[in-house]
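Structure first, then comments.
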Amino acid sequence: MIIHPHDLIWIDDKASLLTDVELPDWVIQHWQVSLPVVVRRDKLEAEFIPVGIRGCNRSQRLAAKIKQSHIVSVVTPESLVANMQVDDIHAPIKQSLYLLKQYPFSWTWGITGSCGYQLATGVNVLTNQSDLDLLIRCPTPAVMDQLVDLACFIKGLPCRIDVQVETPYGGFALNEWIRDKKVLLKTATGPVITNNPWLL
16 MIIHPHDLIW IDDKASLLTD VELPDWVIQH WQVSLPVVVR RDKLEAEFIP
66 VGIRGCNRSQ RLAAKIKQSH IVSVVTPESL VANMQVDDIH APIKQSLYLL
116 KQYPFSWTWG ITGSCGYQLA TGVNVLTNQS DLDLLIRCPT PAVMDQLVDL
166 ACFIKGLPCR IDVQVETPYG GFALNEWIRD KKVLLKTATG PVITNNPWLL
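Per the numbering used here, the very first residue in the sequence shown carries number 16; after that it's consecutive.
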């Protein structure tokens, strides 16, 4: 099973969560196995997946890890695009998603962040101030003109959108790459500043 950062994972039991600290009260009281954990970008250990647990607000986040054998199901960011149910999504994000589905992407793309979580779970975590977080799978160097065209299109959409570009080595912000031609690449071993995120 291949797992990527930003994938949502359902596990078999709360006891499957391995943490360096005691589970905080908000996890014990509110988090259930009917909710997913989010795959984090971190060093991979044999059989273990780094994950994060999210609570009801931004201050409630907990890093953990799980054994692959405890995974029940996985939802990827791109599968949320294919099976998008936006009835309960705020209008600006809903309209933006509709327009994005019409865009001729050169890459596979997906939905992450609060919107991805809400689409996958049905739990209302989006607010009127929420951004829309997107992920682009870009395994080979992208043509800059294509990225610029995408950024210009996104700029005209009705909600604020943050795009993370995923390469084989990590992820970087689309706007940063276009602006500076170098990026802070988030890798499994920590951030790296590079002018070629496809070659480390």
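Note that beta-carbon positions come from the ideal geometry of N, C-alpha and C, so glycine has one too.
- Separation of Pro156 and Trp122 (C-alpha to C-alpha, rounded to the nearest whole angstrom) is 11 Å.
- Residue pairing for Glu60: DSSP places it in a beta bridge opposite Phe63.
- Per DSSP, the continuous beta strand (DSSP E) segment holding Ile126 begins and ends at 123-127.
- Here Ile81 is buried, its C-beta having at least 16 other C-beta atoms within 10 Å.
- In this structure Ile126 is buried. Its beta-carbon is surrounded by 16 or more other beta-carbon atoms within 10 angstroms.
- Collapsing the DSSP output to three states places Ala78 in a strand.
- Of the candidates Asn190, Pro183, Gly137, the residue whose Cα lies closest to the Cα of Asp148 is Asn190.
- Counting along the chain, Asp177 sits inside the beta strand (DSSP E) bounded by residues 176-182.
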